[in-house]
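Asker: If you count the sequence shown from 1, position 21 lands on 21 in full-length UniProt numbering, and the numbers rise without skipping. Backbone N, C-alpha and C fix where the C-beta goes; we use that ideal spot for every residue, glycine too.
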Amino acid sequence: MVKPLAEFVASLHKNRVDDRNLQGHCQTLIRGDIVRIQVDFYEDGQYGLDIYTRENSSTISNGGKQLLTHCCKYLINVRM
């Protein structure tokens, strides 16, 4: 039986760039069974994209927060 996933979180990284500066360049949209991750790259370079997810009925907690599970990682080379 497949468990439905409740939440997806995408995190964008780039060497020598603070991750907080990249938060606004990555957006996750969920519509039904389709998850869309939109990334707006603002300059050439190599980026890492990590995707995390959480099950609907996740009961594991750490300090009262549900844990996210690392789902996949992408290495993206950007040339504009």
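The alpha helix (DSSP H) spanning D19 covers which residue range?
Answerer: Taking the sequence shown and counting its residues from 1, one reaches residue 19 at position 19. D19 to L22 is the span of the alpha helix (DSSP H), which, as asked, contains D19.
Asker: Report yes if the CB atom of V39 is closer than 8 Å to the CB atom of L49, and no otherwise.
Answerer: Position 39 of the sequence shown holds residue 39. Position 49 of the sequence shown holds residue 49. Cβ atoms of V39 and L49: closer than 8 Å.
Asker: Within 10 angstroms of its Cβ, does Y42 collect 16 or more other Cβ (buried), or is it exposed?
Answerer: Position 42 of the sequence shown, counted from the first residue, corresponds to residue 42. It counts as exposed.
Asker: Who does Y74 pair with in a DSSP beta bridge?
Answerer: Position 74 of the sequence shown, counted from the first residue, corresponds to residue 74. Paired residue(s): L49.
Asker: For L68, collect the residues of the same chain with a Cβ closer than 7 Å to its Cβ; drop the 5 residues on either side in sequence, then sort them by chain order.
Answerer: Stepping through the sequence shown from its first residue, residue 68 is reached at position 68. These residues qualify, in order along the chain: V9, Y52, T53 and R54.
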